[in-house]
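Remarks on the structure that follows.
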Amino acid sequence: MSKKCAKCQKIVYPTEELKCLDKIWHKLCFKCEVCGMTLNMKNYKGFDKLPYCNAHCPTAKHTQVADTPETRRIAENTKIQSNVQYHAEFEKLKGHKTSVADDPETERIRQNTQIQSNINYWGLKEQKDQMEGKRPEGFNDVHGQKVQPRPIAEYDPLNQQHSTAARASYGQSQPVAYKPA
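Heads up, this note's numbering is the position in the sequence shown plus 68, with the first residue counted as 1.
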């Protein structure tokens with residue numbers, strides 16, 4: 069039984085035989101159907117049992133479903149129904165808050181979280197509250213004047229004093245140099 073090449077229909081001898089795409093080819097006949105580039109088993113792409121190079125291999129196109137009046141009517145009704153249902157739920161919940169019930173499980177989780185908190189564990193919250201209670205409303209500066217604590221934004225670290233507005237409240241005295249007695 070003589071084997072024939074799928075391209076040239078001539079006899080293919082075993083030394084020049086190439087079996088691919090369920091057919092037998094001469095090595096030199098195995099070419100791209102579009103550009104004629106010689107292909108081998110590593111670089112060919114098959115489509116409808118014909119060889120193509122990577123650049124010219126056709127791709128299968130998706131077909132569109134026929135757009136009949138019946139399918140348009142069904143799509144329109146589905147869209148209307150979904151919008152009606154969504155808007156009905158939206159209008160019903162409009163202006164209402166979603167409340168979370170305090171059931172025993174959430175209460176237990178809240179208590180466990182407080183117990184595990186470092187602030188509660190070390191008693192730092194109570195300590196902070198006590199310190200805030202002891203904090204004086206004002207303090208006396210080096211000149212004996214009652215001064216309210218200033219915001220940190222007014223502090224000038226270069227001169228180690230508050231801004232010019234704050235300096236005016238401290239008085240007009242200049243620092244005195246140390247004089248040994």
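The beta-carbon is built from N, C-alpha and C at its ideal position, and this holds for glycine as well.
Considering only DSSP beta bridges, list what His94 is partnered with.
Answer is Glu85.
So is the beta-carbon of Thr106 under 7 Å away from any non-hydrogen atom of the ligand COA?
Annotation note on the ligand COA: not contained in the displayed structure, which lists no ligands.
Taking 8 Å as the limit between beta carbons, can you name the residues of its chain near Asp90, skipping five residues before and five after?
Answer for Asp90: Lys117, listed in chain order.
Mapping DSSP to helix, strand and coil, what is Gly191?
Coil.
I'd like the list of long-range same chain contacts for Glu101, defined as Cβ closer than 7 Å, with 5 residues on each side in sequence excluded.
So the list reads Leu118, Pro119, Tyr120, once near-sequence residues are dropped.
Would you call Trp93 buried or exposed, if buried means 16 or more other Cβ atoms sit within 10 Å of its Cβ?
Result: buried.
Spatial neighbours of Lys72 within its chain, please: C-beta separation below 6 Å, excluding the five flanking residues on both sides.
Correct list: empty, nothing qualifies.
Please report the distance separating the alpha-carbon of Ala169 from that of Ile177.
Taking the straight line joining both Cα atoms gives about 13 Å.
Hey, how far is the Cα of Lys160 from the Cα of Tyr154?
Each residue's alpha carbon lies about 10 Å from the other.
Would you kindly work out how many angstroms separate the C-alpha atoms of Glu138 and Thr146, rounded to a whole number?
Roughly 12 Å between the two C-alpha positions.
Identify the continuous beta strand (DSSP E) that holds Tyr120 and give its terminal residues.
118 to 120 is the span of the beta strand (DSSP E), which, as asked, contains Tyr120.
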